[in-house]
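Down below is the structure, laid out as structure tokens.
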Amino acid sequence: MAILDFKALLDEAEKAPAVELKGIKGESIKLRKFENLPGADFKAVLNYIDIIQDDKVSEAGKIDAMDRCLVAAADKKDALKLALEKLPMGARNKVFGAWMEDGEAGNS
């Protein structure tokens, strides 16, 4: 029988590679890979991705879902919220794209 240690599993997920963004104050904000998100954040991201992919949702609704998705993945949620509020749409899309690509690379 295999015995898994909770703390070791959590440490492994927290040390996994992530997309990093330098915040407004120069702090390092890590966007954790989808597979390394804790349960509540994992479920939130799934919901936000469904919203982003829904053709019936307005563009403003999709942008809000994209931002919330990134915040759910962030280790420093408040710092990322602040950064996203200040970034133009093109830059926000770059952050989201980098995070999505990083997650896909881990799945290949």
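Read in order, the letters of the sequence shown are residues 7 to 114 in our numbering.
Using N, Cα and C, we set each Cβ at its ideal position, and we do this for glycine too.
Best match in 64, 10, 37 and 69 for proximity to residue 96 [C-alpha to C-alpha]: Working through the sequence shown from its first residue, we reach residue 96 at position 90. Nearest option by C-alpha distance: 69.
Is the region 34–41 touching the region 7–25, taking contact as three or more C-beta pairs under 8 Å? Touching, yes.
Can you name the start and end residues of the alpha helix (DSSP H) that residue 41 belongs to? For the purposes of this step, residue 41 is identified with residue 35 of the sequence shown, where counting begins at 1. In the DSSP annotation of this structure, residue 41 is not part of any alpha helix (DSSP H), being labelled neither H nor E.
On the three-state DSSP scale, how would you describe residue 25? Along the sequence shown, read from residue 1 onward, the residue named residue 25 stands at position 19. Under the three-state reduction of DSSP, residue 25 is assigned to strand.
For residue 35, write down the residues that DSSP places opposite it in a beta bridge. For the purposes of this step, residue 35 is taken as residue 29 along the sequence shown, with counting starting at 1. Beta-bridge partners of residue 35 (DSSP): 27.
DSSP state of residue 89, grouped into three classes? By one-based count along the sequence shown, residue 89 stands at place 83. Helix.
Got a sec, what are the start and stop residues for the alpha helix (DSSP H) residue 66 sits in? Position 60 of the sequence shown, counted from the start, is the residue given in the question as residue 66. Taken as a continuous stretch (DSSP letters only), the alpha helix (DSSP H) holding residue 66 covers 65–79.
Expected contact under 8 Å - CB spacing of residue 77 and residue 88 to nearest Å: Within the sequence shown, the letter at position 71 stands for residue 77. Within the sequence shown, the letter at position 82 stands for residue 88. No, residue 77 and residue 88 are not in contact; Cβ-Cβ is about 10 Å, not under 8 Å.
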